[in-house]
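These notes are about the structure you will find just below.
Numbering (the UniProt record's numbering), first residue to last: 1 to 413.
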């Protein structure tokens, strides 16, 4: 065990963890193969080791959820290893490589302590527009029984309900509506409710969610806290949810509702209208600030943080990353030279069935702007997706499939 050159801040279920200890050249055996890893040490007794996304990407890991197994490819000889996974509790964590202590020392951050809050202090203020749930005409209230939960899940759910009651986010309900609550270990999601039945009869908000098409130099990302707007008073009963401890209803917008992302996008665009496409990009609850140099970047951050303060919006400090040269944004990697596709977007094996081709082309189509002559290359595979087409995976399909993967790996924008 040794001390790391910098501390790591781990965002884990329950509460964040800081660590500065590591173990060098650990050699775990997986499926009779030996791998070399350099893990950090965490104060957690329930799990022996956590293999993160970097390790799984490096070893071409594929999760086979249906068969509860993983497949990975050995770097020596390319041997495919299949390992069965027994039932186990899972833990998901992310690591912020930027040292937390260093972020806190940035002057502009020190000037806005009220904006950086791990938990909203209470209900959001009254805003010009409230979140609304408009229903398809003629629909009747939907009510579902609560889902069965394990004893430890019920215990955690009870704690979360009390916390949200204390903060004024929810209240007891006698509504004729009620969708079942889902258990979720992460407390920062504003609760989790299966609003599927309600969403099915809700008139959809068509406010556009933007495509990501930006070029940036220096970037900063911030996650804006959810529960940022109140529900319209007459719609509060529709947001009711059932639990083993009774019926409750949300007084604030929950992201499980179908129109929440579109409404939140509208609200964020309204807040940052003067800054959009000058030095700010917003994608739902993600904010990117891009600048040409460090001095300009600090000025831009100050403007953004001032806007958040004025509108009583909060940036979760543990989800922020400042002064980065490269940052992940949904489906992309933003770098100094521009925008590139996210690594691993084409980690697919050769398609052997019609639905696999549709799946591959669906993903590939999202990135078609990166690839010249995309339609021409994909045409042999596209012809196989037609309803009455004879399925024959020939050389042209294989060549097109390999060409799309190769171009993805080569291309930078």
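Here a beta-carbon is modelled for each residue, glycine too, at the ideal position from N, C-alpha and C.
This structure is a prediction, so every number in the text was calculated from the model and none was measured.
Going by DSSP, name the residue or residues bridged to residue i.
i           : result
residue 25  : DSSP, once it has assigned bridges, lists no residue as partnering residue 25.
residue 247 : 242
residue 230 : 252
residue 283 : 286
residue 2   : 22
residue 302 : For residue 302, which the question treats as bridged, DSSP gives no partner whatsoever.
residue 262 : Paired residues: none, contrary to the question.
residue 276 : 280
residue 37  : 26
Grouping DSSP H, G and I as helix and E and B as strand, with all else coil, what is residue i?
i           : result
residue 393 : coil
residue 405 : helix
residue 30  : strand
residue 311 : coil
residue 386 : coil
residue 77  : Only weak support exists for where residue 77 lies, its pLDDT of 49 falling under 50; the value from the coordinates is given anyway. If DSSP states are grouped into helix, strand and coil, residue 77 belongs with coil.
residue 271 : helix
residue 61  : coil
residue 357 : helix
residue 399 : helix
residue 203 : coil
residue 90  : With a pLDDT of only 42 at residue 90, under 50, the local geometry of the prediction cannot be trusted, and no value is derived from it.
residue 106 : coil
residue 376 : helix
residue 208 : coil
residue 371 : coil
residue 50  : coil
residue 95  : Here the model assigns residue 95 a pLDDT of 43, short of 50, so the residue's position is not dependable, and the following value carries that caveat. In this structure, residue 95 counts as strand in the three-state DSSP scheme.
residue 55  : helix
residue 100 : Note that residue 100 scores 48 on pLDDT, short of 50, meaning its location in the model is unreliable; the coordinates nonetheless yield the value given after this. Three-state result, residue 100: helix.
Nearest by alpha-carbon distance to residue i: which of the options is it?
i           : options            : result
residue 29  : 41, 51, 20         : 51
residue 208 : 23, 284, 242       : 284
residue 110 : 302, 310, 313, 307 : 302
residue 258 : 353, 134, 159      : 134
residue 167 : 150, 252, 235      : 252
residue 242 : 230, 177, 299, 309 : 177
residue 295 : 41, 108, 60        : 108
residue 199 : 382, 353, 132      : 132
residue 355 : 372, 373, 383, 374 : 383
residue 42  : 26, 60, 20         : 20
residue 8   : 34, 39, 33         : 39
residue 304 : 407, 376, 288      : 288
residue 395 : 388, 156, 378      : 378
residue 372 : 308, 406, 181      : 406
residue 202 : 174, 170, 239, 175 : 239
residue 205 : 261, 404, 235      : 261
residue 385 : 357, 375, 35, 256  : 357
residue 311 : 71, 114, 165       : 114
residue 380 : 388, 154, 397, 390 : 397
residue 353 : 375, 274, 389, 54  : 389
residue 129 : 254, 4, 403, 229   : 229
Any heavy atom of the ligand FAD inside 7 Å of the beta-carbon of residue i?
i          : result
residue 21 : With respect to small molecules bound, the structure shown includes none, and the ligand FAD cannot be examined in it.
When you compare the CB of residue i with every CB in chain B, is at least one pair closer than 8 Å?
i           : result
residue 177 : Looking at the structure shown, chain B is missing, and only one protein chain is on hand.
### Query
Which whole runs of the alpha helix (DSSP H) in the stretch 109 to 197 are 4 residues long or more, in chain order?
The alpha helix (DSSP H) runs of length 4 or more contained entirely in the stretch 109 to 197 are, from start to end of the chain, 151 to 167.
### Query
Quick check: the stretch 193 to 210 against the stretch 112 to 126, are there 3 or more CB pairs under 8 Å?
Flag = no, the stretch 193 to 210 and the stretch 112 to 126 do not touch.
### Task
Take every Cβ of the stretch 134 to 142, pair it with every Cβ of the stretch 269 to 276, and state whether three or more of those distances are shorter than 8 Å.
no
### Task
Mind the definition here: the stretch 276 to 295 touches the stretch 244 to 251 only if three or more C-beta pairs lie below 8 Å; say whether that holds.
no
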